[in-house]
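A short worksheet on the structure shown next.
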Amino acid sequence: MNLQEVARLIQGLRALGIDADSINEFIFWMESGDGEHLPKKNQETKN
């Protein structure tokens, strides 16, 4: 992904109401594949 695509992804996640901490964890998981940052299916979003 280039920077423009990453920016659009983050803007889309924010528009869905996903909080910054959850977005960070998701991006860490995308880059590292580390299970520690794996998104949780039933995790409530913090607004």
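Each residue of the sequence shown is one higher than the one before, counting from 37 in the working numbering. We put the beta carbon where it would ideally sit given N, CA and C, even for glycine.
Could you give the distance in angstroms between the alpha-carbon of residue i and the alpha-carbon of residue j?
| i | j | result |
| --- | --- | --- |
| residue 52 | residue 72 | 23 Å |
| residue 57 | residue 70 | 16 Å |
| residue 42 | residue 48 | 10 Å |
| residue 37 | residue 45 | 10 Å |
| residue 66 | residue 54 | 16 Å |
| residue 50 | residue 39 | 16 Å |
| residue 77 | residue 68 | 19 Å |
Assuming residue i and residue j form a contact by the criterion Cβ under 8 Å, report the distance between their Cβ atoms to the nearest whole angstrom.
| i | j | result |
| --- | --- | --- |
| residue 62 | residue 75 | 6 Å |
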